[in-house]
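Presented below is the structure to which this report refers.
There are 2 protein chains.
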Amino acid sequence: MQNSEAMALSAALLAVAGELTQRIHDGVEARGFEGLRPAHGFAFTRLAPGGATVTELAVHLGVTKQAASQLVDEIVRKGYAERRPHPHDARARLVVLTEQGWACTRAAEEAAAEAVRPWVELLGEREVRALRDRLMRIAPSGPIKPNW
Amino acid sequence: MQNSEAMALSAALLAVAGELTQRIHDGVEARGFEGLRPAHGFAFTRLAPGGATVTELAVHLGVTKQAASQLVDEIVRKGYAERRPHPHDARARLVVLTEQGWACTRAAEEAAAEAVRPWVELLGEREVRALRDRLMRIAPSGPIKPNW
DNA sequence: AGCAGGTAGTCAAGCAGCTTGACCATCTAT
DNA sequence: ATAGATGGTCAAGCTGCTTGACTACCTGCT
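Taken in sequence, the protein lines are chains C and P.
Residue 68 in our numbering sits at position 42 of the first sequence; the count goes up by one each step and never skips.
Residue 79 in our numbering sits at position 53 of the second sequence; the count goes up by one each step and never skips.
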């Protein structure tokens with residue numbers, strides 16, 4: 027594959043990602059969850075399964091644990107999560123979503139579906155599923171680095 | 027398309043975009059262009075065709091013109107671009123890439139090709155081209171908002 | 001021609017989110 | 001039992017962005 031093709035692919039991917047992020051963020055706000063940034067959303071996806079420690083969150087977000095701790099402060103203060111004692115480690119605290127946190131997560135899913143809808147109209151559902159499958163095969167499992 | 031599917035697609039897209047950004051950035055650095063951030067790369071793509079004014083750059087990046095001006099200061103100081111008088115407007119200045127700026131752009135293309143290579147090995151060139159075509163059809167023309 | 005309002009760019013101050021560094025409490029391995 | 005590693009927080013500092021204010025220049029209307 028030529029360099030210029032690779033660059034065109036990269037540019038398109040980044041442009042789509044940027045717009046998607048914006049649309050999901052706007053959709054979440056429109057549903058009444060304010061004062062959140064996209065980084066909080068990335069945190070929610072890590073917290074959702076069964077909670078996580080600050081350090082785990084820091085690894086997932088690709089930031090220092092101080093930054094992660096500060097982010098947790100914010101979402102706790104706003105009522106989206108709470109710190110509970112960790113069941114197996116007295117040093118650690120398990121950060122889990124509150125009911126409001128779950129509601130926000132569901133709102134994000136709705137917003138994502140809304141953001142993707144124009145793609146379905148343009149490409150068809152079959153093509154969008156194909157896109158999803160290809161992306162999922164090349165998606166890394168490492169940290170989500172939002173800082174670019 | 028279900029909400030959960032849309033969310034999975036979004037997550038995969040953002041993860042891939044994040045990793046791609048990181049790889050291109052690393053590749054550019056490995057080729058000897060240091061002290062640059064991904065945002066500079068987005069600026070270069072706007073400057074490349076025939077230069078741009080600070081205000082045009084600001085719109086493209088989705089930031090204030092003050093921030094864009096500051097970014098131009100940086101890449102001028104580092105020798106990647108220069109400010110020339112605008113041919114038709116004495117208020118404006120046309121920011122154009124220097125030879126070093128072009129060299130950096132070529133390095134970014136090489137890095138992009140390198141970053142995409144594993145995808146080609148995994149999916150095949152035909153599939154990656156299909157991915158590119160789909161993404162280009164849904165890519166917006168608006169500002170690249172790197173701040174998420 | 002001349003003036004009013006809009007636009008390009010810069011200077012200055014402030015802020016938000018991140019980093020590095022230091023520290024204590026607790027866990028784990030020897 | 002003790003030494004080192006790990007989870008978390010406090011504090012200070014930096015960087016890239018924002019808002020606000022200003023000058024120089026362009027454009028359209030009278």
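Ideal Cβ placement from N, Cα and C applies to all residues, glycine included.
As the structure is a computational prediction, the values presented were derived from the model and not from experiment.
The C-beta separation of residue 83 of chain P from residue 72 of chain P comes to about 6 Å, placing the pair in contact by the 8 Å criterion. For residue 101 of chain P, not one C-beta of chain C is nearer than 9 Å to its own C-beta. With a cutoff of 9 Å on beta-carbon distance, residue 27 of chain P and residue 38 of chain C are scored as not near each other. In its own chain, leaving out the 5 sequence neighbours on each side, no residue places its CB closer than 6 Å to the CB of residue 31 of chain C. Cβ neighbours of residue 54 of chain C within its own chain (closer than 8 Å, five residues either side excluded): 62, 67, 130, 133, 134 and 137. In this chain, the alpha helix (DSSP H) harbouring residue 147 of chain P covers 125 to 149.
Judged by their CB atoms, residue 69 of chain C and residue 128 of chain C are not nearer to each other than the 9 Å cut-off.
Separation of residue 93 of chain P and residue 143 of chain P (C-alpha to C-alpha, rounded to the nearest whole angstrom) is 34 Å. The C-alpha of residue 52 of chain C lies about 17 Å from the C-alpha of residue 41 of chain C. Take residue 86 of chain C, set aside five residues on each side of it, and the residues of its chain with a beta-carbon closer than 8 Å to its own are 68, 69, 72, 78, 169 and 170, in chain order. Against chain P, a Cβ distance below 8 Å from residue 145 of chain C picks out 164. In this structure, the alpha-carbon of residue 157 of chain P lies about 38 Å from that of residue 96 of chain C. A distance of 9 Å or more separates the beta carbons of residue 107 of chain C and residue 81 of chain C.
Collapsing the DSSP output to three states places residue 62 of chain P in coil. Residue contact with chain P for residue 59 of chain C: absent (no Cβ-Cβ distance below 9 Å to any residue of chain P).
Rounded to whole angstroms, the gap between the alpha carbons of residue 164 of chain P and residue 111 of chain C is 45 Å.
Scanning P:56, P:45 and P:36 for the CA closest to the CA of residue 47 of chain C turns up P:36. Within the same chain, Cβ atoms closer than 8 Å to the Cβ of residue 149 of chain P are found at 157, the five residues on either side in sequence being excluded. Between residue 43 of chain P and residue 43 of chain C a beta carbon distance of about 4 Å is seen, short of the 8 Å cut, so the two are scored as contacting. Residues of the segment 37 to 48 of chain P whose Cβ lies closer than 8 Å to any Cβ of chain C, in chain order: 37, 38, 39, 40, 41, 42, 43, 44, 45, 46, 47 and 48. Proximity of residue 90 of chain C to chain P, defined by a Cβ-Cβ separation below 9 Å, is not satisfied.
Look at residue 57 of chain C here: in three-state DSSP terms it is coil, with no helix or strand label.
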